[in-house]
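In this text, residue positions in the sequence shown follow full-length UniProt numbering: the first is 1, and each later residue adds one.
For reference, the structure is listed below as structure tokens.
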Amino acid sequence: MEIRTDLFLGDSKEVLKKLPDNSVDLIATSPPYADQRKGTYGGIHPDKYVEWFLPISEQLFRVLKPTGTFILNIKEKVVDGERSIYVMELIIAMRKQGWLWTEEFIWHKKNSFPGKWPNRFRDSWERLLQFNKSKNFNMYQDEVKVPIGDWAKGRLKNLSETDKIRDNAKNGSGFGKNVSNWLGKETVFPTNVLHLATECNNKNHSAAFPEELPEWFIKLFTKQEDTVLDPFVGSGTTLFVSKRMRRHSIGIDITPEYYEMIKSQINPVELYLLEPKVKYGEAKPKRRYAIR
Ligand SMILES: C[S@@+](CC[C@H](N)C(=O)[O-])C[C@H]1O[C@@H](n2cnc3c(N)ncnc32)[C@H](O)[C@@H]1O
């Protein structure tokens, strides 16, 4: 089957209305953070962020399949010496909209360089919030297994009697483990912390995420020929990775420069014009392309 990649220029709030209900398997995106990057795009005040985002998440809810997943990369910044709380407010508002907040992954930016401020250290992680429409979402856990690691060599060499039975935690938490279950295993399930380097400004976009980020979630939540959506696609990372992994994908961005950049990189084939006479920068979908 031919893999489709559709690209739209415009405001996601409007463009998303063109997409059919229950048609997307995974939404993976990094929207503009509150009050950042005013010089390029965004610059939404933290107090207005929820109000700005909700019409978009309403459309995302409509287009996501009941078995699908929404991964939202976001992080509240420091305002006047305090962490702002708009992300928390957004989670609460999205739950009221019908979303389930099912999980939170952490993106540990492992290549952050050192830094110090009078009252804090380098912020070296971001949230990857997982939302779903139902608890029965598709998840292919075996696809993201990791090598068991060197610790296993020593730890599994001489097993005690307690290592061979389920040993319940002493603190009464109900957690327990049977260490002997790891014998002979080469791979294990990962944790919910992703240790990934940040993208090093080689994509002509000031906030591109590393390819491994969408790649990990595409493996975990989709199979080949499923559809991935990024409503704030920027330099197109999600589209390039989806195409390489044989997933259909849809990207939307409001900035003509990024839209043109993606087009020039993937040699798109124009499908049809949605609004041929609209000028760049207007908050309406302009063109729709298939990238081959
Ligand atoms: C953090 S960047 C995304 C970076 C992307 N993940 C990448 O790898 O390059 C956010 C993007 O959202 C776009 N954007 C901002 N407001 C938008 C809106 N209302 N609709 C669509 N795109 C928007 C910006 O132009 C910007 O490229």
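C-beta: ideal position from N, C-alpha, C; glycine also.
According to DSSP, which residues form a beta bridge with residue i?
i: H108; result: W125 and H195
i: G176; result: N168
i: W216; result: Answer is none; W216 lacks a bridge partner.
i: S12; result: DSSP, once it has assigned bridges, lists no residue as partnering S12.
i: G251; result: L7 and D230
i: I27; result: F70 and L229
i: Q130; result: I71 and E103
i: R244; result: R244 is not bridged to any residue.
i: W117; result: R120
Taking 7 Å as the cut-off, is the CB of residue i close to at least one heavy atom of ligand 1?
i: G43; result: no
i: D35; result: no
i: F189; result: no
i: T237; result: yes
i: I250; result: no
i: Q254; result: It is Ile, not Gln, that sits at residue 254 in the sequence shown. I254: yes, Cβ under 7 Å from ligand 1.
i: A197; result: no
i: S180; result: no
i: Y140; result: no
i: Y258; result: yes
i: F209; result: yes
i: K243; result: no
i: P20; result: no
For residue i, tell me which candidate among the options has the shortest Cα-Cα distance.
i: R127; options: G149, G176, P31 and V179; result: P31
i: K164; options: L229, V179, L156 and K157; result: V179
i: A28; options: V228, E186 and D47; result: V228
i: D11; options: D253, T222, Q265 and E257; result: D253
i: I71; options: F131, W52, L16 and I85; result: F131
i: P256; options: F240, S235 and G68; result: S235
i: N22; options: G68, R155, T187 and E2; result: G68
i: G43; options: L54, P20 and K77; result: K77
i: P210; options: F232, K185 and T238; result: T238
i: V87; options: G81, R95 and K110; result: R95
i: Y140; options: P46, I218 and E260; result: I218
i: K75; options: W107, Q265, K65 and L100; result: W107
i: F232; options: I250, V193 and W117; result: I250
i: G81; options: W101, Q59 and R120; result: R120
i: K185; options: A169, I148 and H45; result: I148
i: D142; options: L220, R244, K17 and A34; result: L220
i: L100; options: E199, S242, S57 and K223; result: S57
What ranges does the beta strand (DSSP E) occupy inside the region 133 to 164, keeping only unbroken runs of at least 3 residues that lie completely in it?
Here no run is fully enclosed.
Uninterrupted beta strand (DSSP E) stretches inside the region 32 to 112 (no shorter than 3 residues):
You should have 64 to 74 and 100 to 109.
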